[in-house]
Structure formats: C-alpha cells, structure tokens
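Undergrad:
Quick look at the structure:
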C-alpha cells in the first residue's frame, strides 16, 4: 500500500483485542524474559511480557525500566505471588497492558488486575484449570501444553487447545484463546490457529532470542540438542528450594544434572540446602551440564539466536506460507 | 462435477501415493481394529489397517476375511512380531496395501514387506526412531505423539512432526509423513497438515466408531470423560503379562483399575499371574472401571459413536472449513 513494502500479516481476534500487529506473545519466563526482550517483542508487533517469577521487587523495577515506554505485560507464578501480593500492586503501577497468572488460583487477584485496567491473562494446563480461569473473568486464556519449557503439566497442545476452544465457545465466547508450548515457527503458529487458538505465546523461541537474559552457554547447548533431549522433572526445584505444587513439573534439557539427581529426590532434598550456593554459582557461571537449562521440546526446531523482531517476522511469514499451501490442497471432488 | 454432490477433498502426497481419496488412515489398534473397521475406512476413502497386535494367527485370518475384498493394511507390534515372524508372512499372503510396524526395530522385516509389494509404514515416537525408519527404507513414517491412546512415548505431535519433517526433507524427501496422536477432528487434521504432515492416522476416533471391536461400555465411558482423564501407565501391561520395552507406556482412562495398581508395580507384578483370568473376564465383560480403557487424550473431542464413513466425512469437511477460515486471516499489510 502506498509504496510500503508488502509485509505479511495475520489478523485474528487477538490482534484486534490487544491492538497488536501479529498474534504473538512472548512468555514471561522467570530470569529470561526481562524488559529488553519484552520491549523488542512489542516493538516488532507482538506483545512482550516480562517474567515476574518468584518475586523480586528490585528485579521487577529494573526490568520495567529496561522496557522503556514500550507497552508490555508482566507474568507471575500465582502460588508464589500469593505469598507476596504487593508485587502485583507494584507491577500494576506501571500500567502494563496485561498481567498473566499461571500455576495457581487466579481468582483472588482478578479484581485488582481488572480494576487497574490491565487485561487478565490466565495460563492453564488442564480443562479443569480453564474453568477456574473463566470464573476469574479472564480476558485471555493461554492453554499451555506439556511441550513447553519450564513449568507445566501433562496435557498436549493438540488436544488441550481445541477442547478449551469448545469450552469457551459454550461458556465464555468473548474470552480469547492463546496456545503455548512447542511453538517455535510458522508451522506451529498455523497449527495453533487451525486448532482454534486466536494466537500463540512462545517461550523457548524467545528464550533463544538475542535480547533474552538467558546465558549464551545455555542457548548454545539448546541449539545443539534435538527435541528428544528434554524431560519433565523436579530436580531443578529441589536444587533451588522452590516448593512447587506437585501437579507441575519443569521441562529442561535432560543433562547431567538431571540424570544425576532426578532418580533420587529424597536424597537430593536432604542435601539440597547445603548444595544451594554451589548450584547458584553454577547458574551464574552458565554451566549447561550442571544446572537446569530451561528450554522446551521446541529446542529441536530452534537453530539460531536472533533478535526477537527477526523471530516474529520469520514466524509470521512462515505461517502465511503454510496457510497458502494448505489452501492449495483443497479441491472440489 | 457432472451432477454429483459436491464433496470436500484434501489432496496431498499421501492420497496420491496410496491411491486414496482422503489423507486419513485408521490405526491398527490391537483388539479394536478388526476387518470390519478397516474395510469401512477404506470404503470411505481412507486406508484402514487391522491390528495384528500380539500375534494370533486365527484372529488375523478371521479379520482379513471380515474385510472382504477391501484394500486394507495390517499393523504389528514389532517386538512381539519378532517372536513370531510367521504372522508377517501370513499377513502378506493377503496382499495388504501396507504393513505398519511400531515399537521396535523395523529393519529385520523391511525386505520381506517390500518384496511382497506392500508399502512399509514405520510408526516412530522419537527423532531417533525416525532415523531407524529411514534406514529401513520406510515408504511412510507415522510420527506418533504422546497424546495417543494405547502404547506410545513422551514426545508431542506439535514438535515431533515438524522436526521429523525437517529430517525427511534433508535425508529422505520421498518418504511421506503421517501424524498420529490426539487427532480426532478436522482441526487436528488441518493442524497436522500445517505442521508438515502429508496426512493423519487416527486411533481413538475410530476406536469409538460403530465398526470397532471396542466394547460399547468402554466407548460410553470414554465419551463421558474429558481429555484431563487419561494417563500414561504400565499397569495394563503388568495385568496382561506383556513384556513391553520400558521406553513405551500405554495411555488409558485414569480409572479405578489404574489408580489401584499403577503406584505399586512390584506388588502388582507379584500378583498379576494369579489375577490374570479375572482381569480377562472383566475385559470380556466390558467393565470400564476395572480394566484398561484404551483411549487417548482426544477422548475430550469425541462425543458420539458413529460409523467410520461419517467420521471421515466430518473430519474432512471440518478441515476444509478450518483451512478456508485460516485463508481469511491473511491480509497484506
């Protein structure tokens, strides 16, 4: 139009509702999704979310500042936020476009979020969670499959998304649906839209973006691992001393650390406190064999560390091409 | 055309290669996929496969006969077939369109299958298996995700299919790719095609077809269960005395039987032989609480027991509509 370069676009209910160009959100990954990544995603036409994680007011303030005036959102681990709800108030003071809650009951926080004018995004892992999110009045539900890196549960995107879509069509037709877990390219985006999602939330792909706070050694380890090389496990939570609800496990690379500890959780628990400083030192040093490396099954689809804008542009262009190809398969018999 | 009713069609490399109308195969489910189901799938334009299962020459002969002159395939559990390879020779005597091997090394059987003029279909659960299938000279690779009912492994369709597609594009571009696990409607078919598959293999959806050998009580139990209600477990193999390789678990309804036994495998193993006749009696009686009910995560997308032809017609029409909807999302910016 008017001499501008042709740019592919996919418009969905999600782009309209959030006022974004592309139906792509970045996951609020604890320790990896800071302000620079979130801002880059937003500037490229998606919606970036910073990872509120386990709650650190100083980190949160710094990363909101790093995002500058970009319109971003912020995500929290709900069971952890419940222990320190002032972090939500702090986040809302930055007037985020959205707050995303995952891994716990969103209902106690819903009113504060909506009253502040932020969209309420609830990430769910089961159909039962979806019902809680509807009850909380979620504007968006992120249906996260077991493919995802980091914490999650057992259901897969391929069945969870259409089943939640059917549930929303019946009980909450104005609530939008976003697919998460295992989506790292345009094929995944097109598949998610086919399953009934209005868009996608990508974690691992942005974890391997240039702007992520991920250690480069971890990105490098993930790039050389195929999708057979990740596993859901609990050793990383034991090592860090986080008391996760038993319904959730964390997907990481199936590395030496996991193989050393995952099969002996009782022994690990007994020793973890004395090993903690050492674990954190290895995290800081970026050792990819001796700590959790937080990438999902999509690791086998990720072959480069590139800026978030390039990820979004490539993903949308690929999805466009996939949709055009699918259209060519249709013939009247 | 010529006054015929308009019928939706999706033509892919799979329809061309197998000479079928729709890119849909039915899974060769042990004990559920007999000749009547396979023939119905073939007559409706897909390719039906009977389930050779654990090897019973009499059953195999009866079900090939039940398929009449329909052009069907047959599937085997590879590690079980290796104990009784004469079953493969028996199956090949019926000149099946294809033989599908899953759960074991296909290479020892590949020559006999191809020499007999049947297509070799290898079902795989990991990228590593895909390499073995390429080495075996597979004509088709079925990439089976963890969503699937019955035996399988841990990787999900959303990442496994595109990763295998990339592998085939590079190393075996003439080998076709079929997605399996969690696909029960046109959304799943469209998503699988988006991910790079040439077609789909559906199990659970056909397990709940009128023509399946599934006990009606089991179908009824599955219809009233959503996708949160299945689980991967080993108790069913212990109960039946099957010595499955540890890499494979079986997805079934998470019913009383599973909850009673799955957490105490050693005790179960010690008692299983004395309980076996009782277990088999409960299978025959169709008790859906006290034995394995072999349906996958797609159970939440299955709401009726209908003929295979209606399943295929509906799935293709839905996929057509999904693809048309996706096309409408594309706009030039």
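Residue numbers (the working numbering), protein chains in the order written: chain A, 1 to 333; chain B, 1 to 333.
By construction, the Cβ of each residue, glycine as well, lies at the ideal position given by its N, Cα and C atoms.
Which value, in whole angstroms, describes the spacing of the CA atoms of residue 206 of chain A and residue 305 of chain A?
TA: Numbered from 1 along the first chain, position 206 holds the residue referred to as residue 206 of chain A. Numbered from 1 along the first chain, position 305 holds the residue referred to as residue 305 of chain A. Using only the alpha carbons, I get a separation of about 9 Å.
Undergrad: Do residue 296 of chain B and residue 230 of chain B have their C-beta atoms within less than 8 Å of each other?
TA: As a working note, residue 296 of chain B is residue 296 in the second chain. As a working note, residue 230 of chain B is residue 230 in the second chain. Result yes, Cβ atoms of residue 296 of chain B and residue 230 of chain B sit closer than 8 Å.
Undergrad: What residues from the segment 287-301 of chain A come within 7 Å of chain B, judged by C-beta to C-beta, listed N to C?
TA: If the cut-off is 7 Å between Cβ atoms, the segment 287-301 of chain A has 297, 298, 300, 301 near chain B.
Undergrad: In its own chain, which residues sit with a C-beta less than 6 Å from the C-beta of residue 219 of chain B, not counting the 5 before and 5 after it?
TA: Position 219 of the second chain, counted from the start, is the residue given in the question as residue 219 of chain B. Correct list, in chain order: 208, 305.
Undergrad: Which residues does DSSP pair with residue 205 of chain A in a beta bridge?
TA: Your numbering for residue 205 of chain A matches position 205 in the first chain. Answer is none; residue 205 of chain A lacks a bridge partner.
Undergrad: Quick check: what's the CA-CA separation for residue 196 of chain B versus residue 194 of chain A?
TA: Residue mapping note: residue 196 of chain B aligns to position 196 of the second chain, counting from 1. Residue mapping note: residue 194 of chain A aligns to position 194 of the first chain, counting from 1. Separation of residue 196 of chain B and residue 194 of chain A (C-alpha to C-alpha, rounded to the nearest whole angstrom) is 13 Å.
Undergrad: Within 10 angstroms of the Cβ of residue 111 of chain B, are there 16 or more other Cβ atoms? Answer buried if so, exposed if not.
TA: Here residue 111 of chain B refers to the residue found at position 111 when the second chain is read from its first residue. Classification of residue 111 of chain B: exposed, given that the 10 Å Cβ count is below 16.
Undergrad: Can you list, in chain order, the residues of its chain whose CB lies under 6 Å from that of residue 144 of chain A, leaving out five sequence neighbours each side?
TA: Start at 1 with the first residue of the first chain, and residue 144 of chain A comes out as number 144. The residues are 123, 125, 152, 180, 181.
Undergrad: Is it buried or exposed, residue 256 of chain A, if we count other Cβ atoms within 10 angstroms and call 16 or more buried?
TA: Position 256 of the first chain, counted from the first residue, corresponds to residue 256 of chain A. Here residue 256 of chain A is exposed. Its C-beta has fewer than 16 other C-beta atoms within 10 Å.
Undergrad: Quick check: what's the CA-CA separation for residue 44 of chain B versus residue 309 of chain B?
TA: Against the second chain, residue 44 of chain B aligns to sequence position 44. Against the second chain, residue 309 of chain B aligns to sequence position 309. The alpha-carbon atoms of residue 44 of chain B and residue 309 of chain B are separated by roughly 5 Å.
Undergrad: Express the C-alpha separation of residue 287 of chain B and residue 251 of chain B in angstroms, rounding to a whole number.
TA: Here residue 251 of chain B refers to the residue found at position 251 when the second chain is read from its first residue. Here residue 287 of chain B refers to the residue found at position 287 when the second chain is read from its first residue. Their Cα atoms are separated by approximately 17 Å.
Undergrad: Tell me the DSSP bridge mates of residue 164 of chain A?
TA: Reading the first chain from its first residue, position 164 is the one you call residue 164 of chain A. DSSP lists no partner for residue 164 of chain A.
Undergrad: Going along the chain, which residues of its own chain have a beta-carbon closer than 7 Å to the beta-carbon of residue 222 of chain A, five neighbours each way excluded?
TA: Walking along the first chain from the start, residue 222 of chain A turns up at place 222. So the list reads 208, 253, 293, 295, 299, 302, once near-sequence residues are dropped.
Undergrad: Output needed in chain order: residues of the segment 260-281 of chain A with a Cβ under 7 Å from some Cβ in chain B.
TA: none
Undergrad: Taking residue 274 of chain A as the reference, which of A:249, A:262, A:291, A:241 has the closest Cα?
TA: For the purposes of this step, residue 274 of chain A is taken as the residue at position 274 of the first chain. If we check each option's Cα against that of residue 274 of chain A, A:241 comes out closest.
Undergrad: According to the Cβ coordinates, are residue 226 of chain A and residue 163 of chain B closer than 8 Å?
TA: Within the first chain, the letter at position 226 stands for residue 226 of chain A. Within the second chain, the letter at position 163 stands for residue 163 of chain B. Result yes, Cβ atoms of residue 226 of chain A and residue 163 of chain B sit closer than 8 Å.
Undergrad: State yes or no: is the beta carbon of residue 216 of chain B nearer than 8 Å to at least one beta carbon in chain A?
TA: What you label residue 216 of chain B is simply residue 216 of the second chain in a count that begins at 1. Chain A, which has no Cβ nearer than 8 Å to the Cβ of residue 216 of chain B, makes this no.
Undergrad: Could you give the C-beta distance for residue 10 of chain A and residue 330 of chain B, rounded to a whole number, given that I count them as a contact under 8 Å?
TA: Position 10 of the first chain, counted from the first residue, corresponds to residue 10 of chain A. Position 330 of the second chain, counted from the first residue, corresponds to residue 330 of chain B. Contact holds; Cβ gap of about 6 Å.
Undergrad: Near residue 74 of chain A, which residues of its chain fall below 7 Å by C-beta distance, leaving aside the five closest residues on each side in sequence?
TA: Translated into positions along the first chain, residue 74 of chain A becomes position 74. Here the set comprises 28, 49, 50, 52, 91, 96, 99.
Undergrad: Thinking C-beta only, is residue 200 of chain A closer than 8 Å to residue 233 of chain A?
TA: Here the question's residue 233 of chain A lines up with position 233 in the first chain. Here the question's residue 200 of chain A lines up with position 200 in the first chain. Taking C-beta atoms as the reference points, residue 233 of chain A and residue 200 of chain A fail to come closer than 8 Å.
Undergrad: Any C-beta of chain A sitting closer than 8 Å to the C-beta of residue 183 of chain B?
TA: As a position in the second chain, residue 183 of chain B is number 183, starting the count at 1. Yes - at least one Cβ of chain A is within 8 Å of the one on residue 183 of chain B.
Undergrad: Could you have a look at residue 2 of chain A and say whether DSSP puts it in helix, strand or coil?
TA: As a first step, residue 2 of chain A is located in the first chain; it is residue number 2 there, counting from the start. Bear in mind that the predicted position of residue 2 of chain A carries a pLDDT of just 44, short of 50, making it unreliable; the figure below should be weighed with that in mind. If DSSP states are grouped into helix, strand and coil, residue 2 of chain A belongs with coil.
Undergrad: Alpha carbon to alpha carbon, what distance is there between residue 189 of chain A and residue 183 of chain A?
TA: Reading the first chain from its first residue, position 183 is the one you call residue 183 of chain A. Reading the first chain from its first residue, position 189 is the one you call residue 189 of chain A. Distance between the alpha carbons of residue 183 of chain A and residue 189 of chain A: 7 Å.
Undergrad: May I ask you to list the residues that DSSP assigns as paired with residue 13 of chain A?
TA: For the purposes of this step, residue 13 of chain A is taken as residue 13 along the first chain, with counting starting at 1. Paired residue(s): none; residue 13 of chain A is not in a bridge.
Undergrad: Hey, quick one: how far does the beta strand (DSSP E) through residue 292 of chain A stretch, first residue to last?
TA: Counted from its first residue, the first chain places residue 292 of chain A at position 292. Per DSSP, residue 292 of chain A belongs to no beta strand (DSSP E) and is neither H nor E.
Undergrad: Thinking just about the alpha-carbon of each residue, which of B:318, B:211, B:172, B:133 is nearest to the one in residue 107 of chain B?
TA: Looking up residue 107 of chain B in the second chain gives position 107. For residue 107 of chain B, the nearest C-alpha among the options comes from B:133.
Undergrad: Any C-beta of chain B within less than 9 Å: which residues of the segment 141-161 of chain A qualify?
TA: 145, 146, 147, 154, 155, 156, 157, 158, 159, 160, 161
Undergrad: Alpha carbon to alpha carbon, how far is residue 328 of chain B from residue 325 of chain A?
TA: The count along the second chain starts at 1 and reaches residue 328 of chain B at position 328. The count along the first chain starts at 1 and reaches residue 325 of chain A at position 325. Using only the alpha carbons, I get a separation of about 14 Å.
Undergrad: Would residue 161 of chain B and residue 177 of chain B qualify as a contact pair, given that the criterion is a beta-carbon distance under 8 Å?
TA: Reading the second chain from its first residue, position 161 is the one you call residue 161 of chain B. Reading the second chain from its first residue, position 177 is the one you call residue 177 of chain B. In this structure, residue 177 of chain B lies closer than 8 Å to residue 161 of chain B by Cβ.
Undergrad: Which residues does DSSP pair with residue 99 of chain B in a beta bridge?
TA: Counted from its first residue, the second chain places residue 99 of chain B at position 99. Answer is B:74, B:120, bridged to residue 99 of chain B.
Undergrad: How would you list, in chain order, the residues of chain B whose beta-carbon sits under 8 Å from the beta-carbon of residue 320 of chain A?
TA: Translated into the one-based positions of the first chain, residue 320 of chain A becomes position 320. Within chain B, the residues 330 have their CB atoms less than 8 Å from the CB of residue 320 of chain A, given in chain order.
Undergrad: Anything in the segment 226-238 of chain A with a Cβ closer than 7 Å to a Cβ of chain B? List those residues in chain order, please.
TA: Close to chain B, meaning a Cβ-Cβ distance shorter than 7 Å, are the following residues of the segment 226-238 of chain A: 226, 227, 228.
Undergrad: For residue 237 of chain A, which residues in the same chain have their Cβ closer than 7 Å to its Cβ, ignoring the five residues on either side in sequence?
TA: Looking up residue 237 of chain A in the first chain gives position 237. Closer than 7 Å at the Cβ level, and outside the excluded window around residue 237 of chain A, lie 244, 250.
Undergrad: So the beta strand (DSSP E) residue 253 of chain B belongs to, where does it begin and stop?
TA: Position 253 of the second chain holds residue 253 of chain B. Looking at the DSSP string, the run of the beta strand (DSSP E) that includes residue 253 of chain B is 249-253.
Undergrad: Of the residues B:150, B:149, B:138, which one's Cα is nearest the Cα of residue 173 of chain B?
TA: Here residue 173 of chain B is taken as the residue at index 173 of the second chain, counted from 1. For residue 173 of chain B, the nearest C-alpha among the options comes from B:138.
Undergrad: Once DSSP output is grouped into helix, strand and coil, what is the label at residue 312 of chain A?
TA: Counting from one through the first chain, the residue named residue 312 of chain A turns up at place 312. Helix.
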